[in-house]
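2 protein chains.
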Amino acid sequence: MPRILAISGGVGGAKLALGLAKILGPEQLTFVVNTGDDFEHLGFYIAPDVDTLTYTLAEVSNTETGWGRGDESWQFMDALEALGGETWFRLGDRDLALHVTRTRMLDAGATLSEATDHICRALGVQHRVLPMSDDPVRTTVHTPEGPLAFQHYFVRDRCKPAVTGFEFEGVAAAALNPQIRECLLESDLDGIVICPSNPFVSIDPLLHIPGARDALQGAGVPIVAVSPIVGGTAIKGPTAKMMQELKVPASAEQVARHYGDLLTGLVLDEQDRGLHGALNTPTTVAQTVMVTLQDRVDLGHTVLDFIASFG
Amino acid sequence: MPRILAISGGVGGAKLALGLAKILGPEQLTFVVNTGDDFEHLGFYIAPDVDTLTYTLAEVSNTETGWGRGDESWQFMDALEALGGETWFRLGDRDLALHVTRTRMLDAGATLSEATDHICRALGVQHRVLPMSDDPVRTTVHTPEGPLAFQHYFVRDRCKPAVTGFEFEGVAAAALNPQIRECLLESDLDGIVICPSNPFVSIDPLLHIPGARDALQGAGVPIVAVSPIVGGTAIKGPTAKMMQELKVPASAEQVARHYGDLLTGLVLDEQDRGLHGALNTPTTVAQTVMVTLQDRVDLGHTVLDFIASFG
């Protein structure tokens, strides 16, 4: 079985992550997850992408919303609202236990990686989930009305403001998670997967960590992305809207251009078959819109076969 | 209507507090509440007696347990347990919203009084609830096995360790809540009620604040206590057990002796009618065991009449 490092943001990426985890065991597959949209809220350290990936791999996620836990209740939120508290970021009663646990560990001096590892083990997640960095990186979204902290843009303002650019505060001083560096140096690494996540706010924070892009390329293995843009639109989230606002084509081709020489290959959706063979980057075509678990597993196989094809 | 300051600890005291609040409006009645059993837990500032009084006055308390909120759910606690967290102190989903709100306010620089005031207003409590001090006072219970933080003794260890004494950490540096001092200086104050709370751990922390006892006596109004000991036993909590361990009689007489010259009068239960007229302190006899709301109101009237009798 191949050894794979899979890089993911939130909901979209986590779908493929679960598919891969159904194929490859914890010794064959490690996840790297974006922390650029982490923030402090109500006194808690909240890591939305880490949590979405963790809950998805633990198979306790809310499959309707894509975020949070399934079988969730909202008594805390209702009571908080009655006390005049902020409710724009919804924290379920069960989900809250994760935030309390992690915040406690961080306050006691643990790293985000250590807290993530503890939580994953407690929830029965066997694969390693590695935050991209243990240092704070905070994505800021620039808009004509001024900068917005990512969760304010994404959740509070529902991605409505037009995007003019991004900034990853703290990234210049952030170190790539040493465990990621170790994975990349392992001689039996077979490939790197960039899950169908938002290139600008889910993958770019990692790529802006000093040395991270070089470390990924330096591994000398195929780096394959799945396009989050399908037929000119995003399956989930504001990727296509952002591209329009940034005055670049909302296309899989532009995704390939965005990642540039990082990519060895790009997985296109069936809807974008017309682009197959027409890009500077090698491509393969598959059904990338994942509805069922089988869709995720199928796409996982496609990605792994694609990586193997470069061997 | 008389102007009354009522001093309360947790469950037992809060019962009478509610009775008084049904008789006297917010302009006639102010509450002082123990903070000696406050503690930090799971990153939250928790004030059990303040909360019990607040929930009781808001009539959202759990009337079965005496602590916490009624109509409560425990999803957070269950999820926390699954994550390996501490569960000996039960925090309900709705209750948690109070702790988050207060902790946030304190972290932002508010005093405990300000946070309490905000929460009381939000919950519709009209009477003022004044924490005894805005400075930290932490009750430590001494036992043959060493000192125990109060909640460890009271909740975690269920009052099982034998008590050899008490210490109120921080009390020497604590200031009496200035709003209490103002109340005591008001010319139209008519009396002070010491609710049927544990003298050692619910009332003594206040009395050990430098100048507090003098300030109470200096108000020049009757100070009337309701004995928490009825027929040699405590209605609620470890008061009688503590007295036995401290080698003093577990009796209402000993309660009077404990408060000493602070008291103008003591309300005895019917079961202790034999002590009426036999103490150095003036007494009155009433049904002090409060089961129904009417019991609380009746005892409230008894206490107010008793205070008036010294006028």
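So the sequence lines, in the order shown, correspond to chains H and Z.
Just so you know, the working numbering puts 282 at position 212 of the first sequence, and the rest follows in order with no gaps.
Just so you know, the working numbering puts 129 at position 59 of the second sequence, and the rest follows in order with no gaps.
Just so it is clear, CB atoms sit at the ideal spot from N, CA and C, and this is done for glycine as well.
* To do: Give a yes or no on whether the minimum CB-CB distance between H:Leu182 and chain Z is below 9 Å.
  => Here the question's residue 182 of chain H lines up with position 112 in the first sequence. So, not an interface residue.
* To do: For H:Thr303, count neighbouring C-beta atoms within 10 Å of its own C-beta (all shown protein chains included) and say buried if the count is 16 or more, exposed if not.
  => Translated into positions along the first sequence, residue 303 of chain H becomes position 233. By the beta-carbon neighbour count (other beta carbons within 10 angstroms, threshold 16), H:Thr303 is exposed.
* Spell out whether any CB of chain B is found under 9 Å from the CB atom of H:Phe109. => You won't find chain B in this structure, because its protein chains are H and Z.
* Is the beta carbon of Z:Gly83 sitting closer than 9 Å to the one on Z:Cys229? -> The residue labelled residue 83 of chain Z in the question sits at position 13 within the second sequence. The residue labelled residue 229 of chain Z in the question sits at position 159 within the second sequence. Between Z:Gly83 and Z:Cys229, the C-beta gap is not smaller than 9 Å, which leaves the two residues out of contact.
* **Contacts around Z:Gly194, its chain only, beta-carbon distance under 8 Å, and the 5 residues preceding and following it disregarded** => For the purposes of this step, residue 194 of chain Z is taken as residue 124 along the second sequence, with counting starting at 1. Closer than 8 Å at Cβ, skipping near neighbours: Ala128.
* **Z:Thr372, DSSP secondary structure in three states** => Numbered from 1 along the second sequence, position 302 holds the residue referred to as residue 372 of chain Z. In the structure shown, Z:Thr372 falls within a helical segment according to DSSP collapsed to helix, strand and coil.
* Asked: Which same chain residues, not among the five before or five after H:Ile377, have their C-beta less than 6 Å away from its C-beta?
  -> On the first sequence, position 307 is the one that residue 377 of chain H refers to. Excluding residues up to 5 positions away in sequence, Gly261, Pro292 and Val294 lie with their Cβ nearer than 6 Å to the Cβ of H:Ile377 in the same chain.
* Per DSSP, which one or two residues make a beta bridge with H:Leu336? -> Here residue 336 of chain H corresponds to residue number 266 of the first sequence, with the count starting at 1. DSSP output for H:Leu336 lists H:Ala295 and H:Thr353 as bridge partner(s).
* Could you name the residues of the same chain whose beta carbon sits closer than 7 Å to that of Z:Gly240, not counting the 5 residues immediately before and after it, in chain order? => Position 170 of the second sequence holds residue 240 of chain Z. Contacts found: Asp205, Pro206, Val207 and Arg208.
* Taking Cβ-Cβ distances below 7 Å as the criterion, which residues of the region 155 to 176 of chain H are in contact with chain Z? -> Taking 7 Å as the Cβ-Cβ cut-off against chain Z, the residues of the region 155 to 176 of chain H that qualify are Gly155, Asp163, Arg164, Leu166, Ala167, Leu168, Val170, Thr171, Thr173 and Arg174.
* Classify Z:Gln196 as buried or exposed, calling it buried when 16 or more other Cβ atoms lie within 10 Å of its own Cβ. => Here residue 196 of chain Z corresponds to residue number 126 of the second sequence, with the count starting at 1. Label assigned to Z:Gln196: exposed.
* 3 or more residues per run - each beta strand (DSSP E) lying fully within the region 252 to 312 of chain Z -> Qualifying beta strand (DSSP E) stretches, in chain order: 261 to 264 and 293 to 296.
* Where Z:Ala348 sits in the DSSP three-state scheme -> Residue 348 of chain Z sits at position 278 when you count from the first residue of the second sequence. In the three-state reduction of the DSSP assignment, Z:Ala348 falls in the coil class, being assigned neither a helical nor a strand state.
* **Anticipated Cβ contact below 8 Å, Z:Ala242 with Z:Pro269, distance rounded** => Counted from its first residue, the second sequence places residue 242 of chain Z at position 172. Counted from its first residue, the second sequence places residue 269 of chain Z at position 199. Contact flag wrong, Cβ pair sits at about 20 Å.
* Asked: Which residues mark the beginning and the end of the beta strand (DSSP E) in which H:Ser78 is found?
  -> Taking the first sequence and counting its residues from 1, the one referred to as residue 78 of chain H is at position 8. Where H:Ser78 is concerned, the enclosing beta strand (DSSP E) stretches over Ile74 to Ser78.
* To do: Taking Z:Pro201 as part of the beta strand (DSSP E), name the residues at either end of that continuous run.
  => Working through the second sequence from its first residue, we reach residue 201 of chain Z at position 131. For Z:Pro201, the enclosing beta strand (DSSP E) starts and ends at Arg198 to Pro201.
* Going along the region 87 to 116 of chain Z in order, which residues come within less than 9 Å of chain H, judged by CB to CB distance? -> Against chain H - using a Cβ distance shorter than 9 Å - the residues of the region 87 to 116 of chain Z are Leu112, Gly113 and Phe114.
* **Spatial distance of Z:Gly80 from H:Val120 (CA atoms)** => Against the second sequence, residue 80 of chain Z aligns to sequence position 10. Against the first sequence, residue 120 of chain H aligns to sequence position 50. Z:Gly80 and H:Val120 have their C-alpha atoms spaced approximately 41 Å apart.
* Under 8 Å Cβ-Cβ, which residues of chain H neighbour Z:Ile189? -> As a working note, residue 189 of chain Z is residue 119 in the second sequence. Listed along chain H are Leu153, each with a C-beta nearer than 8 Å to that of Z:Ile189.
* To do: For H:Ala167, count neighbouring C-beta atoms within 10 Å of its own C-beta (all shown protein chains included) and say buried if the count is 16 or more, exposed if not.
  => Locating residue 167 of chain H in the first sequence gives position 97, where the first residue counts as 1. The residue in question, H:Ala167, is buried, as its Cβ has 16 or more Cβ neighbours within 10 Å.
* To do: Measure the C-alpha to C-alpha separation of Z:Asp141 and Z:Asn132 and round it to an integer number of angstroms.
  => Locating residue 141 of chain Z in the second sequence gives position 71, where the first residue counts as 1. Locating residue 132 of chain Z in the second sequence gives position 62, where the first residue counts as 1. Looking at the two C-alpha atoms, the distance is approximately 7 Å.
* Asked: Residues of chain H with a CB under 7 Å from the CB of Z:Ala149: which are they?
  -> To locate residue 149 of chain Z, count along the second sequence from 1; it is residue 79. Arg164 and Ala167, listed in chain order.
* **H:Asn104 versus Z:Ala282: straight-line alpha-carbon distance, rounded** => The count along the first sequence starts at 1 and reaches residue 104 of chain H at position 34. The count along the second sequence starts at 1 and reaches residue 282 of chain Z at position 212. Distance between the alpha carbons of H:Asn104 and Z:Ala282 is about 55 Å.
* Asked: Quick one: is H:Pro96 buried, meaning 16 or more other Cβ sit within 10 Å of its Cβ, or exposed?
  -> For the purposes of this step, residue 96 of chain H is identified with residue 26 of the first sequence, where counting begins at 1. By the 10 Å Cβ count, H:Pro96 comes out exposed.
* Asked: Z:Ser143 touches chain H at which residues, Cβ-Cβ below 8 Å?
  -> Taking the first residue of the second sequence as 1, we reach residue 143 of chain Z at position 73. Near Z:Ser143 (Cβ distances below 8 Å), the residues of chain H are Ser143, Gln145 and Asp163.
* Please check the pair H:Gly113 and Z:Thr173, which I expect to be a contact at CB under 8 Å, by giving their CB distance rounded to whole angstroms. => Residue mapping note: residue 113 of chain H aligns to position 43 of the first sequence, counting from 1. Residue mapping note: residue 173 of chain Z aligns to position 103 of the second sequence, counting from 1. Yes, H:Gly113 and Z:Thr173 are in contact; Cβ-Cβ is about 6 Å, under 8 Å.
* Identify the contact partners of H:Ala192 in chain Z, using a Cβ-Cβ distance below 7 Å as the criterion. => On the first sequence, residue 192 of chain H is found 122 positions in, with the first residue counted as 1. What H:Ala192 touches in chain Z: Ala152, Leu153 and Gly154.
* Cross-strand partners of Z:Ala322 (DSSP beta bridge) -> Start at 1 with the first residue of the second sequence, and residue 322 of chain Z comes out as number 252. Answer is none; Z:Ala322 lacks a bridge partner.
* **Cα-Cα separation, Z:Thr353 to Z:Leu338** => Walking along the second sequence from the start, residue 353 of chain Z turns up at place 283. Walking along the second sequence from the start, residue 338 of chain Z turns up at place 268. Looking at the two C-alpha atoms, the distance is approximately 7 Å.
* Kindly indicate which residue of H:Leu161, H:Ile93, H:Asp107 and H:Asp165 has the alpha-carbon position closest to the one of H:Tyr125. => For the purposes of this step, residue 125 of chain H is taken as the residue at position 55 of the first sequence. Sorting H:Leu161, H:Ile93, H:Asp107 and H:Asp165 by C-alpha distance to the C-alpha of H:Tyr125 places H:Asp165 at the top.
* Asked: Is the Cβ of H:Arg228 closer than 9 Å to any Cβ of chain Z?
  -> Numbered from 1 along the first sequence, position 158 holds the residue referred to as residue 228 of chain H. Not one chain Z Cβ lies under 9 Å of H:Arg228.
* **H:Val120 - containing alpha helix (DSSP H), residue span** => On the first sequence, residue 120 of chain H is found 50 positions in, with the first residue counted as 1. Here the alpha helix (DSSP H) through H:Val120 covers Pro118 to Ala128.
* Of the listed residues H:Leu316, H:Thr122, H:Ala348 and H:Met147, nearest to H:Gly138 (C-alpha basis) -> Along the first sequence, one-based indexing puts residue 138 of chain H at 68. Per the Cα distances, H:Thr122.
* For H:Glu151, name the three-state secondary structure that DSSP assigns. => The count along the first sequence starts at 1 and reaches residue 151 of chain H at position 81. The answer is helix: DSSP assigns H:Glu151 an H, G or I state.
* To do: Measuring only between beta-carbons, confirm whether H:Arg198 sits less than 9 Å from chain Z.
  => For the purposes of this step, residue 198 of chain H is taken as the residue at position 128 of the first sequence. It does not: the Cβ of H:Arg198 has no partner Cβ on chain Z nearer than 9 Å.
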